[in-house]
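Residue numbers (mature numbering (1 follows the signal peptide of the UniProt record, and there is no 0)): -21 to -1, 1 to 224.
Ideal placement from N, C-alpha and C gives every residue a C-beta, glycine not left out.
For reference, the structure discussed in these notes is given below.
Written as structure tokens, this is what we have:
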């Protein structure tokens, strides 16, 4: 009986993996302090949770939910490629990226993807003075490079390029603190922003706000329900008490 129960548990776990898929994950890092490695692992787990929320928001947008579509457009612009976004969500959801060390000692910035080694590198800008939310956003950005092949620079026609910097006339850089807002307002660029790395960071942030909003509403609902319960309890108690007087 014991072994039969164990077999059932293992079968259920196998089914759960098939249904839910293997999460976004990091292979490594093999080097680094325990705190540095933990930051990377925690940020990756947080990023995966955001990808799952992206899936929900994307489905709602396709079903006609205006609020969900506003979040999609907030990341991918006025002419989002819904099919491309959906495909990328599924790919990212079960994707993996490689790291050698948890913190590159020579990197002052937050991070970068090295296509020559196919590894994500994270610097001091990731580990020092950042919030968990910022670290998860960085993981979304870099893992989209590694898993989806996203880019940072687009040419004047709105096509992604392999350039590291915008060097030609009309080039745009897709970071949210660079040209992303301008790119989102231009359909020629917007239709390709599912191939822009920082759009995934932005989408993750927008989906996180939705999670926080719902958590706040659920907390308020619990408070209201508790207040109503105690008010009803007090009413019934007083009613019963006065019935004996």
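Counting of Cβ neighbours within 10 angstroms places residue 138 among the exposed residues, the total staying below 16.
Pairwise C-beta distances place the region 95 to 111 in contact with the region 18 to 29, as three or more of them are shorter than 8 Å. Looking at the DSSP output, residue 139 bridges to 133.
Per the C-alpha coordinates, the member of 118, 16, 106 and 144 positioned closest to residue 181 is 118.
Restricting attention to 149, 36, 88 and 151, the CA atom closest to the CA of residue 121 is found in 88. In the same chain as residue 116, and ignoring 5 residues on each side of it, the C-beta atoms closer than 7 Å to its own belong to 180, 183 and 184, in chain order. Where residue 114 is concerned, the enclosing alpha helix (DSSP H) starts and stops at 111 to 122. No Cβ-Cβ contact shorter than 8 Å links residue 147 with residue 165. Of the candidates 33, 18 and 7, 33 places its Cα closest to the Cα of residue 188.
Secondary structure of residue 101 (DSSP, three-state): strand. Straight-line measurement puts the Cα of residue 55 at about 32 Å from the Cα of residue 80.
Look at residue 82 here: in three-state DSSP terms it is coil, with no helix or strand label.
Counting along the chain, no beta strand (DSSP E) covers residue 67; the unbroken alpha helix (DSSP H) around it starts and ends at 61 to 72. Rounded to the nearest whole angstrom, the C-alpha separation of residue 82 and residue 72 is 24 Å.
Leaving aside the five residues that flank residue 6 on each side, the residues in its chain whose CB is nearer than 8 Å to its CB run, in chain order, 75, 76, 77 and 78. If you draw a 10 Å sphere on the C-beta of residue 13, you find fewer than 16 other C-beta atoms in it, and that means exposed.
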